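Protein chains in written order, with the numbering used here: chain A, 1 to 349; chain B, 350 to 698. Glycine included, C-beta positions come from ideal geometry on N, C-alpha and C. Small disclaimer: the values here were computed from a predicted structure and weren't measured. Each remark here refers to the structure printed beneath this line.
2 protein chains.
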Amino acid sequence: MSDRDSFQSISWENGYLRIIDQTFLPKREVYSDLTTVGQVWDAIKKLRVRGAPAIGIAGAYGFYLGIKDFSMQNFDMFYSESQRIADYLNSSRPTAVNLSWALNRILVTIYAYKDRSVDELKEITLKTAITIHEEDRRLCKEIGLHGAELVPENARILTHCNTGGLATGEFGTAFSIILHAHKAGKVNKVWVDETRPLLQGSRLTTWELQKAKIPHTLNIDSAAAFLMQQGKVDLIVTGADRITKNGDTANKIGTYMLAVLAKAHEIPFYVAAPYSTIDMNLESGGLIEIEERDDTEVTAFAGKQTAPKKVDVYNPAFDVTPNNLITAIITEKGIIKPNFAKNFEKLFT
Amino acid sequence: MSDRDSFQSISWENGYLRIIDQTFLPKREVYSDLTTVGQVWDAIKKLRVRGAPAIGIAGAYGFYLGIKDFSMQNFDMFYSESQRIADYLNSSRPTAVNLSWALNRILVTIYAYKDRSVDELKEITLKTAITIHEEDRRLCKEIGLHGAELVPENARILTHCNTGGLATGEFGTAFSIILHAHKAGKVNKVWVDETRPLLQGSRLTTWELQKAKIPHTLNIDSAAAFLMQQGKVDLIVTGADRITKNGDTANKIGTYMLAVLAKAHEIPFYVAAPYSTIDMNLESGGLIEIEERDDTEVTAFAGKQTAPKKVDVYNPAFDVTPNNLITAIITEKGIIKPNFAKNFEKLFT
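Printed below as a string of structure tokens:
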């Protein structure tokens with residue numbers, strides 16, 4: 001395995017953006033070449049590119065595609081049109097924090113170089129997009145290298161949802177740990193929770209594991225407990241959407257289930273996430289608002305109704321795992337063990 | 350609510366068998382009137398009727414439909430043709446123990462009355478089928494009445510899979526407890542695990558709860574833990590496929606997950622099953638062979654592929670819950686508490 005993964009979900013191809021169209025996965029591996037900002041907008045809107053970091057990176061390259069052919073030479077006009085491009089791209093997924101963050105970072109950078117020529121500003125824009133992409137890659141790789149140290153020889157690792165290269169610039173978060181542990185020859189097999197309701201494990205994680213030639217087996221989420229009972233799981237690693245000051249972790253629904261089961265079976269439970277996921281303004285997990293998603297994610301599949309009409313549904317997107325069930329949190333800065341509150345404090349000061 | 354549930358999955362309608370065609374659920378409530386043994390064979394084969402006790406009952410009525418128009422008057426000829434009918438019906442679901450048990454019970458009964466006329470034997474056959482059906486109803490009702498005593502006021506009950514009137518002669522097993530607790534005014538709401546991979550909770554249990562007008566909410570299996578964490582579950586009740594001499598219980602995959610989570614959250618975990626489910630010849634759960642089912646149950650849905658082709662899948666039909674996680678086992682003979690080994694022994698002697 002080279003430094004690169006065996007596929008690139010997003011790559012800058014000297015003038016255009018190439019993405020894997022995730023709507024074709026896992027059936028077909030289709031690459032789309034995006035040459036205009038409109039195509040990037042469409043790709044984000046239609047979930048051809050998904051995963052918070054990946055959306056941010058695609059948006060950044062899309063920004064460059066949107067401004068590269070501007071002919072004005074006046075900064076104010078250029079900046080004003082750049083703002084329009086940023087607003088437009090942001091409208092493709094208005095709730096994606098990484099997207100608005102990336103677009104805003106480019107705008108701020110352009111403004112900081114307001115004395116430069118428009119041609120130079122275009123170059124700076126592209127360089128910033130490449131930097132955003134490279135930073136994400138480096139960060140994911142660091143998470144993977146740190147986390148791999150925790151993986152024992154011949155490990156059977158259970159994971160949940162998709163946290164791989166498809167969702168990030170490359171490597172992923174929890175997936176990066178699996179990838180780098182595999183590179184170090186330590187992975188016996190990966191158990192993949194299918195991850196209801198949207199089946200990211202089934203659709204995407206298995207596909208990434210196939211690409212990386214890592215042995216794996218797919219299981220329904222409720223079979224994870226039975227696997228642990230049979231002594232077939234050595235460790236569990238998941239991603240995180242938000243980590244509070246005390247280490248409580250919000251992540252894909254089902255994560256808390258795994259953490260409780262891990263404790264009951266004395267299996268290490270690890271969380272992998274960029275350092276930026278830690279929200280030092282939030283004291284504890286009880287303060288995290290749980291988004292409830294559409295009922296149809298649970299009541300229908302592939303257009304076929306699987307539950308009676310008008311059935312009441314509880315469909316939380318996330319759950320919250322309390323810090324006492326987490327063995328360690330792995331970020332690009334290293335492995336953080338309990339007491340999380342104290343150890344986060346040290347890192348942030 | 351009368352003594353009868355609000356629907357009849359199987360009913361004998363003075364000359365023919367009426368069933369709910371379960372292949373149309375939950376979208377449409379379609380009743381089929383079966384007038385020939387061939388139609389009954391087809392209904393069992395095509396899963397129009399499903400659930401172990403329900404198949405046995407349908408088979409028994411089908412037996413009568415198969416022999417009622419025989420014109421011979423000689424016992425040996427009648428018995429030989431009856432055996433042929435039993436073999437034929439049994440071939441619709443050869444692995445269904447309740448089916449072969451019911452068919453054999455009728456054959457044994459016919460043989461015991463070999464001195465009677467063929468017309469009388471036909472009557473005896475129908476009466477035996479009705480008895481098998483009535484016994485199942487009574488047994489399920491007893492389970493429900495005993496179990497309802499364990500349900501506190503205003504209870505929020507979580508259940509898994511389908512254990513209701515669709516799968517039995519009426520009332521069901523775990524479902525019967527919910528039904529009778531509701532009748533006693535004690536049910537606040539029922540949480541329904543969708544029950545991957547075949548979604549019996551989503552497709553069938555919600556439908557039965559709607560029919561019985563019991564408040565309920567559907568959730569994905571991996572959200573059960575989060576519900577417990579939030580203090581929204583007062584008790585859990587599931588069915589059982591097989592209970593060993595020490596109380597270890599094999600049941601639908603996901604049951605063990607619930608039992609571990611119940612323990613961690615200090616929530617009572619009950620198992621409901623006919624007394625005949627207890628296998629005193631099997632010492633403990635470790636001896637139960639776990640059936641693995643077809644990969645496509647996990648990798649495809651409604652004809653749509655959801656995982657890469659050739660992915661390795663672990664798809665156990667059942668898991669085994671150790672006796673120490675079970676608060677009580679409810680049978681038609683009453684509530685059995687630990688020590689199960691000792692208390693089973695008392696009941697069986």
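- Against chain B, the beta carbon of residue 196 of chain A has neighbours under 8 Å at 543, 545, 569, 570 and 571, listed in chain order.
- Residues of chain B with a Cβ closer than 9 Å to the Cβ of residue 260 of chain A are, in chain order, 574, 577, 578, 609, 610, 613 and 614.
- Annotation note: the segment 242 to 326 of chain A contains the following uninterrupted beta strand (DSSP E) runs of length 3 or greater, listed N- to C-terminal: 242 to 244, 249 to 252, 269 to 272 and 318 to 321.
- The DSSP-derived three-state label of residue 499 of chain B is coil.
- One alpha carbon belongs to residue 201 of chain A, the other to residue 298 of chain A, and they sit about 16 Å apart.
- For residue 337 of chain A, same chain residues with a beta-carbon under 7 Å away, outside a window of 5 residues either side, are 328 and 343 in chain order.
- Note: residue 334 of chain A is bridge-paired with A:331 in the DSSP secondary-structure output.
- Measuring C-alpha to C-alpha distances from residue 690 of chain B to each of B:456, B:593 and B:670 identifies B:593 as the nearest.
- If you draw a straight line from the Cα of residue 473 of chain B to the Cα of residue 399 of chain B, it comes to about 26 Å.
- A direct Cα-Cα distance of roughly 43 Å separates residue 308 of chain A from residue 280 of chain A.
- Around the Cβ of residue 84 of chain A, a 10 Å sphere holds fewer than 16 other Cβ atoms; the residue is exposed.
- Listed along the chain, the chain A residues whose CB falls inside 8 Å of the CB of residue 602 of chain B are 220, 222, 223 and 226.
- Residue 102 of chain A is a Cβ neighbour of residue 60 of chain A, given a cutoff of 7 Å.
- The beta carbons of residue 386 of chain B and residue 414 of chain B sit closer together than 7 Å.
- Linking residue 454 of chain B to residue 484 of chain B through their CA atoms gives a straight-line distance of about 13 Å.
- Nearest C-alpha to residue 573 of chain B among B:562, B:597 and B:611: B:611.
- Secondary structure at residue 65 of chain A: helix, using DSSP grouped into helix, strand and coil.
- For residue 78 of chain A, same chain residues with a beta-carbon under 7 Å away, outside a window of 5 residues either side, are 70, 72, 118 and 121 in chain order.
- Less than 7 Å separates the beta-carbon of residue 147 of chain A from that of residue 272 of chain A.
- Note on geometry: alpha-carbon atoms of residue 256 of chain A and residue 226 of chain A lie some 16 Å from one another.
- Counted as a single uninterrupted DSSP element, the beta strand (DSSP E) harbouring residue 33 of chain A occupies residues 31 to 34.
- Per DSSP, reduced to three states, the secondary structure at residue 482 of chain B is helical.
- Annotation: Cβ neighbours of residue 565 of chain B in chain A (cutoff 9 Å, chain order): 311 and 312.
- The shortest C-alpha to C-alpha distance from residue 552 of chain B to any of B:510, B:632 and B:404 is the one to B:510.
- The beta carbon of residue 380 of chain B lies closer than 8 Å to those of 367, 368, 369 and 370 in the same chain, with the five residues before and after it left out.
- For residue 257 of chain A, a Cβ of chain B is located within less than 7 Å of the residue's own Cβ.
- In terms of beta-carbon proximity, residue 301 of chain A lines the interface with chain B, with at least one pair separated by less than 7 Å.
- When rounded, the separation of the alpha-carbon atoms in residue 532 of chain B and residue 562 of chain B is 11 Å.
- If the five residues before and after residue 91 of chain A are omitted, its C-beta is found closer than 8 Å to the C-beta atoms of 41, all from its own chain and listed in chain order.
- Under the Cβ distance rule, residue 9 of chain A does not count among the residues neighbouring chain B, no pair being separated by less than 7 Å.
- Setting aside the 5 residues that flank it on each side, residue 323 of chain A is surrounded in the same chain by 246, 247, 248 and 340, each with a C-beta closer than 6 Å to its C-beta; the list follows chain order.
- For residue 565 of chain B, the enclosing beta strand (DSSP E) has its first and last residue at 565 to 568.
- When DSSP states are grouped into helix, strand and coil, residue 395 of chain B belongs to the coil group.
- Contacts with chain A at 7 Å (Cβ-Cβ) do not include residue 522 of chain B.
- Against chain B, the beta carbon of residue 199 of chain A has neighbours under 7 Å at 655, listed in chain order.
- Each residue's CA atom was taken as its position, placing residue 644 of chain B and residue 663 of chain B some 7 Å apart.
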